[in-house]
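All residue numbers for the sequence shown refer to our numbering, where the first residue is 15 and numbers rise by one. Here is the structure we will look at, set down as structure tokens.
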Amino acid sequence: EFMQAFWDIEEVQAKAIQHLASFVRDKSTLPYLLKFTELIAFAMKTHVDSLKLQVDGCSLLLEIFSQALEQDVVIALDENVISSLVDTVRIHSGNEELLSLMCTLLMMISASEVAADNLRKVGIIPDLLSILRNFLRNEKICLSCCGVLWSLAASENNVDQALLKSAVPVTSAVLQEHLQNGTVTESACSALWALSLQGCLTEKEYEPTTALLLDALRKTPGRPLLVKNACLALASLLRLSEIPALRFIMDSKGSGINLIKDAYHLHFDDPEVVESICMLINEMVQYEDVVLDMLSQKLEELLSEIKSCFP
């Protein structure tokens, strides 16, 4: 009632947000705090020019949503709340600190299919791509934006194909820039996987994308989620054309077959990783030249081992 009564007074809203933030550490207050998410978003929209209120409001929402995720509480945000948050992103598109917080918040929100659909409706994709281009070196922003792109591209609801196609070179640039960072690479690989599943890559993008995914496997082979995402992205590419399949076996830095053999030996006890490797192998056998290479590198021995471990 206090926030609603003085909605147009910035100082009142700022103090209310600070007061609510004092309850965040007490996890038992989550049901109480969840009732304020719309009011916090409305305060941010009303006083969108106040950078401090945006940072404080976003930080508070991040704390609330983080707790909700920890406690498996589903948060359904309507289109108005999503629109308010996206307004903040657009108005403060040059503020790296705030965008870092906002993009993390949007990634959390996009895990809900309803919220992802609302993000699509308010046209978030061009904003994400612009942010990625402007802050390509910011690991946190790249991780979050690729996470949102994955949610939107993987959604069953129709997303503008032309927009998603424009996301491919930007996502590839993120992967290239952050090959040494496992968490960002995982996120970028998952986005490329979703984009390839949606048929967003052009023929001229097949080879360089395949090479990038192989580089990701080379740089950080010990991360199971990264290996899984990269293998699934490669499988979807090989499903489309022989071009990526040939690049896979004849890459100048070494054959992809050796990479997946190494990946299996690192993660043989992880069923999800092994399944993704099997899906990739299943796409490889479509092409005669690839099969010949598989036989020459004795990949059938690996398949026999997988079959004995996962009967």
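Even for Gly, the Cβ is constructed at its ideal location relative to N, Cα and C. Being a predicted model, the structure only gives us computed values, none of them experimental.
Bounds of the alpha helix (DSSP H) holding Ser180 are Gln175 to Glu191.
By the C-beta density criterion, Tyr278 is buried, having at least 16 other C-beta atoms within 10 angstroms. Close CB contacts of Glu77 within its chain, under the 6 Å cut and outside five residues either way in sequence, are with Val38 (chain order).
Going by beta carbons, Ala208 and Ala167 fall inside the 7 Å limit. Residues Leu252, Met298, Tyr301 and Val304 of the same chain have their beta carbon placed closer than 7 Å to that of Ala259, with the five preceding and five following residues left out of the count. Residue Ser290 holds the alpha-carbon nearest to the alpha-carbon of Ala249 among Leu150, Val100, Phe79 and Ser290. When Val62, Ser42 and Leu44 are compared, the shortest CA-CA separation from Gln27 is found for Val62.
Non-local beta-carbon contacts of His106 in its own chain, meaning distances under 6 Å to residues more than five positions away in sequence, involve Leu112 in chain order. Distance from the Cα of Lys218 is smallest, within the candidate group Ile138, Pro183 and Gln212, for Pro183. For secondary structure counted as the alpha helix (DSSP H) over 4 or more consecutive residues, the segment 278-316 holds these complete runs in sequence order: 285-298 and 302-310. Of all C-beta pairs linking the segment 264-271 to the segment 235-242, fewer than three are shorter than 8 Å, placing the two stretches out of contact. Beta-carbon to beta-carbon, Leu83 and Ile54 are separated by about 17 Å, too far to satisfy the 8 Å threshold. A Cβ-Cβ separation of about 12 Å leaves Leu189 out of contact with Thr197 under the 8 Å criterion.
Scanning its chain for C-beta atoms nearer than 6 Å, with the 5 sequence neighbours on each side dropped, one finds around Ala202 the residues Cys160, Thr185, Val188 and Leu189, in chain order. Distances from the CA of Cys117 to each of Val87, Asp86, Asn94 and Leu163 were compared; the closest alpha carbon is that of Leu163. Counting only residues of its own chain and dropping the five nearest sequence neighbours on each side, His192 has a CB closer than 8 Å to the CB of Glu153, Cys156, Val198, Thr199 and Ala202. Rounded to the nearest angstrom, the gap between the Cα atoms of Val136 and Leu211 is 23 Å.
Comparing alpha carbon positions, the residue from Leu91, Leu44 and Val95 closest to Ala57 is Val95. In the three-state DSSP reduction, Gly71 falls in the helix class (H, G or I). Only residues of its own chain outside the window of five on either side were considered, and among them Cys245, Leu248 and Ala249 have a CB closer than 6 Å to the CB of Leu294, listed in chain order.
For Ile145, the secondary structure class from DSSP, reduced to helix, strand or coil, is helix. Inter-residue distance for Phe282 and Leu231 is about 16 Å (C-alpha atoms, whole angstroms). In this structure, DSSP gives Ile96 a helical state, which the three-state scheme calls helix. A distance below 7 Å between beta-carbons, with the five flanking residues on each side excluded, links Gln32 to the following residues of its chain, in chain order: Asp70.
The residues Tyr301, in chain order, have a CB closer than 6 Å to that of Glu256 in the same chain once the five nearest residues on each side in sequence are set aside. For the segment 190-246, the full-length alpha helix (DSSP H) segments reaching 4 residues or more read 196-211 and 217-233 along the chain.
Between Ala181 and the set Ser97, Cys72, Val287 and Thr216, the nearest pair of CA atoms involves Thr216. Remark: C-beta atoms of Asp141 and Val173 do not approach each other more closely than 7 Å. Straight through space, the alpha carbons of Phe149 and Phe324 are spaced by roughly 44 Å. The DSSP-derived three-state label of Asp131 is helix.
Per DSSP, the unbroken alpha helix (DSSP H) holding Gln32 starts and ends at Glu24 to Ala35. Pairing Cys292 with Arg147, the inter-Cα distance amounts to about 35 Å.
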